[in-house]
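Below: one structure, written as structure tokens.
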Amino acid sequence: MEASIATFHRHGFDRAVVERIMAHRLAYYSPSLRLLALSELPSQTRHALLEDFPPCFLFHGTADKTVNYRSSEQCTAALQACGIPVSTRFFEGKTHTDPIIEDPIIGDDFLLDDVMAALKAQAPIDPISGKPRYELGARPQEKRYYPKLLVRAARKINPF
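Residues 0 to 159 in numbering that gives the first Met the number 0 are what the sequence shown lists, from first letter to last.
Pasting the structure below:
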């Protein structure tokens, strides 16, 4: 959490503002630390608190300069310590915004493909037909909105 706060500060989001938003309790608002605290509860208590917790899917770019991808590794370990099903995927060389802004602009929406695959894998199965209760249609092939050169230039100046 501290590393993220320092990064936000470098990007122009003043540290004091972030600390005030989090009531000067940064560790309290760390998802990983909160999950690790839950993992130390007696198993019966932990199970009662987490029995309806859904499976988690974490996606992170290894070139993310805003939130280091190691934070997703820590969160994965904390979720596993609580017995929560988690699937983590790291995208080599991708930044904080590549999967949600730059890549879809050039027609490569791999993150949407991964999210749709995760949803499909979680679809409830109809006990009579044996088929998923809902089907996700194929997404249309994306078209490129801007020239690749322009998107590469935008990546260079994007602070995230």
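Virtual Cβ for every residue (Gly too), placed ideally from N, Cα, C.
Query                                                                                                                                                    : Result
Would you list the residues sitting across from T87 in a DSSP beta bridge?                                                                               : L57
So, with DSSP's three-state summary, where would you put I124?                                                                                           : strand
Can you tell me where the alpha helix (DSSP H) holding L25 begins and where it ends?                                                                     : Careful: L25 lies outside any alpha helix (DSSP H) and carries neither H nor E.
Measure the alpha-carbon distance for C55 versus A26 and round it to whole angstroms.                                                                    : 21 Å
Using C-beta distances below 7 Å, list every residue in its chain close to C81, excluding the 5 sequence neighbours before and after it, in chain order. : L34, L37, S38, R45 and L49
Can you tell me the Cα-Cα spacing of Y144 and K155, whole angstroms?                                                                                     : 18 Å
Looking at the strands, I want to know which residues DSSP matches up with P131.                                                                         : I124
Looking at the structure shown, is R14 part of a helix, part of a strand, or coil, going by DSSP?                                                        : helix
What's the call for A47, buried or exposed, on a 16-neighbour Cβ count within 10 Å?                                                                      : exposed
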